[in-house]
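Single-structure report; data block below.
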Amino acid sequence: MSNAPPAQIPTSFGHELRACLRCRLVKTYDQFRENGCENCPFFSMENDNERVVEGTTPNFSGYDSLKLSYLQQLVNTC
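So the sequence shown is numbered by the UniProt record's numbering: it starts at 1 and just counts up by one.
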């Protein structure tokens with residue numbers, strides 16, 4: 001089992017969200033700049049504005065949230 005920290009939950013859900021081009025992880029620009037992409041550490045985005053811009057995109061459609069998912073609601077009723 002890896003000791004890698006879990007991916008962060010976005011701190012806001014506005015226009016500042018970005019998605020990793022490889023794994024589609026959604027976080028804010030600042031979160032990518034501070035911690036990089038937990039799924040794609042080889043991108044080395046930490047503290048590198050240019051790599052964050054090159055490795056992520058603000059153009060994506062939708063995102064999944066366990067909090068609102070059908071499966072989460074089903075699990076909570078059991």
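Where is the CB? At the ideal position from N, CA and C, for every residue including glycine.
Quick caveat: nothing in here was measured; it's all calculated off a predicted structure.
First through last residue of the alpha helix (DSSP H) which encompasses residue i
{"i": "Arg33", "result": "29 to 35"}
{"i": "Glu50", "result": "49 to 55"}
Start-to-end residues for the beta strand (DSSP E) that takes in residue i
{"i": "Arg18", "result": "17 to 20"}
Supposed contact pair residue j and residue i - C-beta distance, whole angstroms, cut 8 Å
{"i": "Pro10", "j": "Lys27", "result": "5 Å"}
{"i": "Asn35", "j": "Cys20", "result": "With 8 Å as the limit, Asn35 and Cys20 do not qualify as a contact, their Cβ atoms being about 12 Å apart."}
{"i": "Arg24", "j": "Val52", "result": "The pair is not a contact, with the Cβ atoms about 15 Å apart (cut-off 8 Å)."}
{"i": "Cys37", "j": "Gly62", "result": "About 19 Å separates the two Cβ atoms, so there is no contact after all."}
Exposure label - residue i; buried when at least 16 CB within 10 Å
{"i": "Arg18", "result": "buried"}
{"i": "Phe43", "result": "buried"}
Beta-carbon spacing of residue i, residue j below 8 Å
{"i": "Glu16", "j": "Tyr29", "result": "yes"}
CB contact below 8 Å: residue i versus chain C
{"i": "Pro10", "result": "Structure shown: chain C not included; a single protein chain is present."}
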